[in-house]
Structure formats: C-alpha cells, structure tokens
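Undergrad: Using the numbering used here, the final residue of the sequence shown is 307, and nothing's skipped along the way.
From the three backbone atoms N, C-alpha and C, an ideal C-beta is built for every residue, glycine too.
Structure provided below as structure tokens; questions to follow.
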Amino acid sequence: MFDRSSVRLLLDRYRLIRLRQTIDREVDDFVVDVEADPERASLVDDPFVSMEDARDRLERLETTLLEQSDRRAVFLTVYTEMTAETIREIDAGEFIDSAWMERYLVRFAEYYRRAFRNYERGAIAEVPDPWIVAFGAAIRGDALALQDAFLGINAHINYDLALTLSDIGLDPDRSDKYVDHARINGILHRLVSVQQELLSELYAPGLSRVGDQFGELDDMVVALSLHTARKKAWQVAVVRSDARWTPVEKSTEWLLSRTATGGAYLLLSPETSPATMQVLRKIEADQLDLLSYAQDFHNRAETVL
Numbered sequence: 003m004f005d006r007s008s009v010r011l012l013l014d015r016y017r018l019i020r021l022r023q024t025i026d027r028e029v030d031d032f033v034v035d036v037e038a039d040p041e042r043a044s045l046v047d048d049p050f051v052s053m054e055d056a057r058d059r060l061e062r063l064e065t066t067l068l069e070q071s072d073r074r075a076v077f078l079t080v081y082t083e084m085t086a087e088t089i090r091e092i093d094a095g096e097f098i099d100s101a102w103m104e105r106y107l108v109r110f111a112e113y114y115r116r117a118f119r120n121y122e123r124g125a126i127a128e129v130p131d132p133w134i135v136a137f138g139a140a141i142r143g144d145a146l147a148l149q150d151a152f153l154g155i156n157a158h159i160n161y162d163l164a165l166t167l168s169d170i171g172l173d174p175d176r177s178d179k180y181v182d183h184a185r186i187n188g189i190l191h192r193l194v195s196v197q198q199e200l201l202s203e204l205y206a207p208g209l210s211r212v213g214d215q216f217g218e219l220d221d222m223v224v225a226l227s228l229h230t231a232r233k234k235a236w237q238v239a240v241v242r243s244d245a246r247w248t249p250v251e252k253s254t255e256w257l258l259s260r261t262a263t264g265g266a267y268l269l270l271s272p273e274t275s276p277a278t279m280q281v282l283r284k285i286e287a288d289q290l291d292l293l294s295y296a297q298d299f300h301n302r303a304e305t306v307l
C-alpha cells in the first residue's frame with residue numbers, strides 16, 4: 003500500500019535537506035577517466051557467489067588499491083573490516099536468521115562491485131550518482147581521507163542498502179529481520195570510531211596550530227547520521243516491499259539517488275573553516291601513508307570487534 007503516510011515518511015526533513023543540495027548541481031565534475039587495470043578488473047568482473055567470496059575479493063581489491071596509492075582504498079579499509087566481522091558473527095550464530103543475513107551481505111556487496119566495475123569501465127551511465135561522487139573525489143585526491151571514507155559509506159548506506167533489502171525481501175518474520183539489520187549498527191559504529199581516533203591523532207598537531215578541535219570535523223559524522231540512515235533505508239525498503247508497484251520502485255530509487263548525492267555534497271562542504279581544511283590537507287599530503295593507515299586501522303579494529 004502506498005498512501006499519504008508513505009509520502010510523509012519518504013519526504014521528511016532529513017531527505018528534504020539532502021534533496022536541496024542537488025538543485026542545479028550535476029555529478030559530471032566527478033567523472034574521471036580511469037586507466038584500465040587487469041588486476042582490478044579481475045576482482046570485480048564476476049558476481050560474488052558467497053559471503054566468503056565477497057570478503058576475499060574485497061580484501062584483495064583493497065590491497066591492490068593500497069599498492070597503487072588509490073584513495074578509493076580508504077572506504078574499502080572500513081568496508082572489508084565490516085564485512086569480515088559480519089561474517090564472523092553469522093558463523094557464530096549471533097543473528098536470528100543467518101541465511102537471510104548471508105543473502106544480505108552478498109547482495110549488499112554486489113551493489114558496490116557493480117558500481118566499481120562500471121566506473122572502471124567508463125560506463126558512467128550505469129554508476130549511481132552518489133558513487134560517481136565518491137569514486138571521483140577519491141581518484142582526484144582533493145578530499146580528506148575522512149571524507150573519502152564517508153563518501154563511500156554514504157553511497158553504500160543511503161543508496162545501496164534500501165535496494166539490497168528490497169531485493170532479498172523483508173518477509174516472513176519481518177520484525178526478526180529488522181533486529182538482525184539493526185545489529186550491524188554496532189559494528190559500523192565501532193569501526194567509524196576507530197577511524198576517527200586514528201585520523202584525530204594524525205590531525206591533532208595541525209588543529210592545535212589553527213586553534214580548532216577535531217570535534218568540528220564531527221559535522222561530517224552528523225551529516226552522515228549512520229544510525230538514522232540505516233533506519234531510513236529500512237523504511238524505504240518497507241514502502242517498496244508493501245507497495246510492490248513499479249512506479250513506487252522507480253520513484254523511491256530516484257529519491258534514494260538524489261538524497262544520497264545530496265548527502266555527498268554535504269560531506270564535501272563541512273562547516274569547518276577553510277584555514278583548517280587547508281592545514282589538514284597539507285598534513286595528509288606530508289604524513290598520510292595509505293598502507294600504514296590501513297594496517298593501523300585493521301590492527302586497532304581487532305581490539306574493538
């Protein structure tokens with residue numbers, strides 16, 4: 003059923019703020035030519051066939067990108083850890099419906115794989131707009147590492163997640179499936195906290211020189227609103243699942259794309275002062291080694307998961 007209450011649910015303040023960010027803006031500036039690479043292509047050409055296959059190939063893609071100093075690795079450093087931890091919890095029987103969670107994990111990873119593959123191939127028309135912004139900003143290298151990570155998280159949660167849930171189905175036992183869906187929040191929160199901790203240590207000297215605190219960069223975290231975004235992804239999936247009507251599916255997919263793209267623009271325009279952003283970019287240029295950062299992240303993640 004699709005009625006006025008569904009419209010109010012979909013067009014709330016959270017989404018309207020993000021929709022406004024997309025007015026008179028296109029993603030063309032984030033389309034970057036990518037040199038073909040057989041190694042990367044071999045890892046994303048074929049669909050994932052299991053959660054272990056998704057984990058292993060995502061980890062190998064992260065390694066490849068790190069070796070190539072490709073900043074698209076920054077998101078994958080978080081995502082591979084989240085994927086691995088989710089698999090560990092599935093295997094340990096921590097979820098109510100383990101079989102559903104396995105489908106959830108594989109289908110979710112498939113949305114990332116297809117977006118990455120199509121961007122690599124230059125098939126931009128097949129890449130969702132929020133992923134065009136995330137990939138393009140990372141390849142251009144003019145965003146902070148924190149922004150690179152959050153742009154990927156934004157695209158994956160605010161666009162891919164509702165579609166994933168719709169694809170795998172919410173029924174039967176919808177309430178149990180929501181409990182399993184919500185359990186992921188804790189994993190993601192702990193990993194984002196690790197990332198903030200590492201980057202605050204990197205940025206701290208520069209922030210002290212300009213008299214700012216890392217807390218000002220938390221505007222990005224607020225803009226991302228992970229818990230809220232995952233809850234709203236479920237709400238959209240409910241609307242799509244209950245309506246089972248092509249016009250609703252098309253309109254909600256458009257809405258997901260626009261609001262996720264608006265979220266990306268918010269992440270790229272934090273309220274942090276230009277002087278602070280300039281200092282942080284210089285710190286990253288001089289001190290951020292992607293390989294070392296990734297290793298530190300994975301090591302520290304082991305202590306919180």
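#1: Given a threshold of 16 other Cβ atoms within 10 Å of its Cβ, counted over all protein chains shown, does TRP247 qualify as buried or as exposed?
#2: Select from LEU167, VAL135, ALA164 and GLU41 the residue whose C-alpha is nearest the C-alpha of LEU153.
#3: Taking all protein chains shown into account, decide if GLU41 is buried (16 or more other Cβ within 10 angstroms of its Cβ) or exposed.
#4: When the Cα atoms are used, what is the spatial distance from ASN120 to GLY138?
#5: Would you call ASN301 buried or exposed, if buried means 16 or more other Cβ atoms sit within 10 Å of its Cβ?
#6: Quick one: using the 10 Å Cβ neighbour count with 16 as the cut-off for buried, is TRP256 buried or exposed?
#7: When the Cα atoms are used, what is the spatial distance from PRO328 to MET103?
#8: Span of the alpha helix (DSSP H) holding VAL29?
#9: Since ILE141 is in the alpha helix (DSSP H), which residue starts that stretch and which ends it?
#10: Going by alpha carbons, who is nearest to LEU146 out of GLN197, ALA101, PHE110 and LYS179?
#11: Would you mind stating whether PHE77 and ALA164 have Cβ atoms separated by less than 9 angstroms?
#12: Less than 8 angstroms between the CB atoms is what I'm expecting for LEU269 and GLN149, so what's the real figure, rounded?
#13: DSSP three-state label for LEU290, please.
#14: On a Cα-Cα basis, can you pick out the residue from LEU307, PHE299, ALA303 and VAL306 that is closest to ALA75?
#15: Keeping to the same chain, check which residues put their C-beta closer than 7 angstroms to that of MET84; ignore five residues upstream and five downstream.
#16: Inspect the beta-carbon positions of ASN160 and HIS229 and report whether they are closer than 9 angstroms.
#17: Does DSSP put SER52 in a helix, a strand or coil?
#18: Compare the C-alpha of ASP178 against each of ALA127, PHE97, LEU200 and GLU251 and name the closest.
#19: What's the call for ILE155, buried or exposed, on a 16-neighbour Cβ count within 10 Å?
#20: If you check the beta carbons only, do ASP131 and VAL29 fall under 9 angstroms apart?
#21: For a test of the three-state rule: what should DSSP assign to SER253, helix, strand or coil?
#22: Counting pairs of beta carbons, one from the region 52-62 and one from the region 285-292, are three or more of them closer than 8 angstroms?
#23: Which of the three DSSP states is assigned to ILE98 in this structure?
#24: Assuming the contact rule is C-beta atoms closer than 8 angstroms, TYR81 and LEU60 should be a hit. Round their C-beta distance to whole Å, please.
#25: Answer with buried or exposed for GLU91, where buried requires no fewer than 16 other C-beta atoms within 10 angstroms of its C-beta.
#26: Beta carbon of LEU67: closer than 8 angstroms to some heavy atom of the ligand FAD?
TA: Let me lay it out:
#1: Per the 10 Å Cβ criterion, exposed.
#2: Checking every option, the nearest Cα to that of LEU153 belongs to VAL135.
#3: By the beta-carbon neighbour count (other beta carbons within 10 angstroms, threshold 16), GLU41 is exposed.
#4: Computed Cα separation, rounded: 13 angstroms.
#5: By the neighbour-count rule (16 or more Cβ atoms within 10 Å), ASN301 is not buried but exposed.
#6: TRP256 comes out exposed.
#7: The displayed coordinates of the chain run from 3 to 307. Any statement about residue 328 would go beyond what the structure contains.
#8: For VAL29, there is no enclosing alpha helix (DSSP H), since its DSSP letter is neither H nor E.
#9: Where ILE141 is concerned, the enclosing alpha helix (DSSP H) stretches over 131-142.
#10: The shortest C-alpha separation from LEU146 is found at GLN197.
#11: 9 angstroms or more divides the Cβ of PHE77 from the Cβ of ALA164.
#12: That belief holds up - the Cβ atoms of LEU269 and GLN149 are roughly 6 angstroms apart, short of 8 angstroms.
#13: In this structure, LEU290 counts as coil in the three-state DSSP scheme.
#14: Taking only the C-alpha atoms, the option nearest ALA75 is PHE299.
#15: Excluding positions up to five away in sequence, the list reads ILE189, LEU190 and LEU193.
#16: Note that the C-beta distance between ASN160 and HIS229 is not below 9 angstroms.
#17: Coil, per DSSP.
#18: Put simply, of ALA127, PHE97, LEU200 and GLU251 the residue whose alpha carbon is nearest the alpha carbon of ASP178 is PHE97.
#19: Buried is the call here.
#20: Contact: yes.
#21: DSSP places SER253 in helix when its eight states are reduced to three.
#22: Three or more Cβ pairs closer than 8 angstroms define a contact, and the region 52-62 falls short of that threshold against the region 285-292.
#23: Here ILE98 sits in coil by DSSP.
#24: Under the criterion of beta carbons closer than 8 angstroms, TYR81 and LEU60 qualify as touching, at roughly 7 angstroms.
#25: GLU91 should be labelled buried.
#26: Among the ligands in the structure shown, none appear at all, so the ligand FAD cannot be discussed.
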